Amino acid sequence: MDISPFRIPPQSNQSWEEIFESPATIEVLPFMTGHSGGGNAILERLRGKELDDMPYLDRPAPVYAYGLRHPEHGDILIDTGFDKSFSDATYGNYSFFASFFLKVLGIRNFQEPGESLDEQLEVHHFDPRTV
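Counting in numbering that gives the first Met the number 0, the sequence shown runs from 0 upward without gaps.
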């Protein structure tokens, strides 16, 4: 992997008022990169709450990353979502301690084919080296 320092763009002498007078149009691409869930019910039980009226707590929630396309500054990635390591393992590329903690809490992650961030960046022509 090629790693290089981030080059800070030159400072603008525009005020915020000037910037907001002519905003750039950006494209926002949501990338659903998998699902995670199961641990919330354990936390609520520890608080002594009855869960009969909260069945949604164990439902997996989608895990998103967002790609922004700026006409002047290029592609920007917000968050990283789940990469393809989550397609083969419940805890993907998490460290041993993070995996252990999530397992104790009952949190499970999963990813369907084609959902990994790597694959979606490729489909949308986001080059990870320039993001």
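Backbone N, C-alpha and C define an ideal beta-carbon position, used for all residues, glycine too. Note that the structure is predicted; figures quoted are calculated from it, not measured.
Going straight from the alpha carbon of Met31 to that of Arg128, what length do you get? 21 Å
Please report the straight-line C-alpha distance between Gln13 and Pro22, rounded to a whole angstrom. 12 Å
Can you name the residues that DSSP bridges to Glu26? Arg68
Taking C-alpha atoms, which residue in Glu16, Thr24, Arg6 lies nearest to Glu71? Thr24
If we count Cβ pairs, one from each stretch, closer than 8 Å, do we get three or more for the region 58 to 72 versus the region 93 to 103? no
For the alpha helix (DSSP H) that contains Asp117, what are its first and last residues? 116 to 122
Where Ala97 falls: helix, strand or coil (DSSP): helix
Is Ile106 helix, strand or coil by DSSP? coil
Residues near Phe125 in its chain [Cβ-Cβ closer than 6 Å; skip 5 each side]: Gly66, Asp74
Given Lys120 as reference, the closest of Ser11, Leu76, Ala97, Phe19 once Cα atoms are compared: Note that residue 120 corresponds to Leu in the displayed sequence, not to Lys. The residue with the shortest Cα to Cα distance from Leu120 is Leu76.
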